[in-house]
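Reading the sequence shown from the start, the letters are residues 9 to 232 in the working numbering. These notes are about the structure you will find just below.
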Amino acid sequence: MDNLKLEELIREYKKDFNDIIPNEIYKWKAVKCFQDNWDVDSDDFPTMLKLSLSKTKNLLAFINNFPRRMINNYANSFSEEVRVLFKNLYDETQDLVMRIESFRKGIESVHAKWDSEGNKNHYQTYNVISTYLWLRFPDKYYIYKPSIAQEMFERLVGKIKLRSLGAEAVVKTYKLYDEISDVLVKDAELREMLEKSMTADCYQDLDMKTATVDLAYYVNSSYV
9 MDNLKLEELI
19 REYKKDFNDI
29 IPNEIYKWKA
39 VKCFQDNWDV
49 DSDDFPTMLK
59 LSLSKTKNLL
69 AFINNFPRRM
79 INNYANSFSE
89 EVRVLFKNLY
99 DETQDLVMRI
109 ESFRKGIESV
119 HAKWDSEGNK
129 NHYQTYNVIS
139 TYLWLRFPDK
149 YYIYKPSIAQ
159 EMFERLVGKI
169 KLRSLGAEAV
179 VKTYKLYDEI
189 SDVLVKDAEL
199 REMLEKSMTA
209 DCYQDLDMKT
219 ATVDLAYYVN
229 SSYV
């Protein structure tokens, strides 16, 4: 990884931090909401899931993509199957790639029953599945978004075709982001800026994993 380039990106991020954080703080709020409400053994799994995901905003709903709506639909119709899919996705004793691919296949099976006419998309992409992982384990995982991860690789490592790698792309991105978060954790100035911005309904991102996600989003959308 190009550490000098990363330092440059972090400097720019800190320079714009006070301007961007009001619009981005929802990421930390989304994690706190999920952490406060998630209970995979809930007697009312559909309601619990809907509440847990209720503050994810455009992370799980964006132009012509409705992953949050669809996962809630599946939970309403096939709650036990969806419950098991999440249990398996969150089973940290199992290989990560296997868990991600198994979740995708399981969702496709549920979707086929829910959408018998085959007219709709399930929208449960690698990006979305990584978001579920990040919400559940915010001190370990990140949001993988192909275009954003691709840019971070190109700026800090070199060219790579992530989209062709399937779940392996998520793992490769997590490894790069681990290196970035290790640097952010040591940045006392950024940590202080972040701590001052956090409200009571924000997840305390002590390991700077969500900050790493936010930096990557910033680089993709704002940094020239």
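Idealized CB from N, CA, C, for every residue including glycine. Remember, predicted model here, so these are calculated numbers, not experimental data.
Nearest-angstrom beta carbon gap, residue j and residue i [assumed within contact, 8 Å]
i: Lys121; j: Phe86; result: 7 Å
i: Glu88; j: Val118; result: Actually they are not in contact, since the Cβ atoms of Glu88 and Val118 sit about 10 Å apart, beyond 8 Å.
i: Ala224; j: Ile168; result: So it is not a contact: roughly 15 Å between Cβ atoms.
i: Met289; j: Val165; result: Residue 289 is absent from the structure shown; the chain starts at 9 and stops at 232.
i: Glu109; j: His130; result: Glu109 to His130, Cβ: 15 Å. No contact.
Spatial neighbours of residue i in its chain, beta-carbon cut-off 8 Å, leaving aside the 5 residues before and after
i: Asp190; result: none
i: Pro154; result: Tyr134, Asn135, Leu170, Arg171 and Ala177
i: Thr149; result: The sequence given here places Tyr at residue 149; Thr does not occur at that position. Hits under 8 Å: Ser138, Leu141, Trp142, Tyr182 and Lys217.
Own chain partners of residue i with C-beta closer than 6 Å, once the 5 adjacent residues on each side are dropped
i: Leu67; result: Thr139
i: Ile151; result: Ser138, Thr139, Trp142 and Val221
i: Met201; result: Phe25
i: Leu17; result: Val227
i: Glu32; result: Asp222
i: Tyr98; result: Arg144
i: Lys40; result: Asp209, Cys210 and Tyr211
i: Lys65; result: Tyr34
i: Asn73; result: Tyr131
Residue i and residue j closer than 9 Å at C-beta
i: Ile188; j: Met206; result: no
i: Tyr34; j: Lys13; result: no
i: Tyr226; j: Tyr82; result: no
i: Phe53; j: Arg91; result: yes
i: Gln132; j: Ile71; result: no
i: Pro146; j: Asp44; result: no
Sheet register partners of residue i (DSSP bridge)
i: Asn73; result: Phe70
Own chain residues within Cβ distance below 7 Å of residue i, not counting five before or after
i: Phe94; result: Val48
i: Lys37; result: Lys63, Asp209 and Cys210
i: Ser50; result: Met56
i: Ile29; result: Ser205
TODO: Report yes or no: do three or more beta-carbon pairs, one from the segment 140 to 157 and one from the segment 210 to 219, lie closer than 8 Å?
DONE: Three or more beta-carbon pairs drawn from the segment 140 to 157 and the segment 210 to 219 are found closer than 8 Å, and the two stretches are therefore classed as touching.
Task: Any 3 or more C-beta pairs closer than 8 Å across the segment 45 to 64 and the segment 13 to 33 - done: No, because fewer than three Cβ pairs between the segment 45 to 64 and the segment 13 to 33 fall closer than 8 Å, the two stretches do not touch.
Open item on the list: Check whether the segment 151 to 166 and the segment 189 to 204 are in contact - that is, three or more C-beta pairs closer than 8 Å.
Closed with: Contact fails: fewer than three Cβ-Cβ distances are below 8 Å.
Open item on the list: Counting beta carbon pairs with one atom in the segment 94 to 113 and one in the segment 168 to 183, are three or more of them shorter than 8 Å?
Closed with: The count of Cβ pairs closer than 8 Å, one atom from the segment 168 to 183 and one from the segment 94 to 113, reaches three, so the stretches are in contact.
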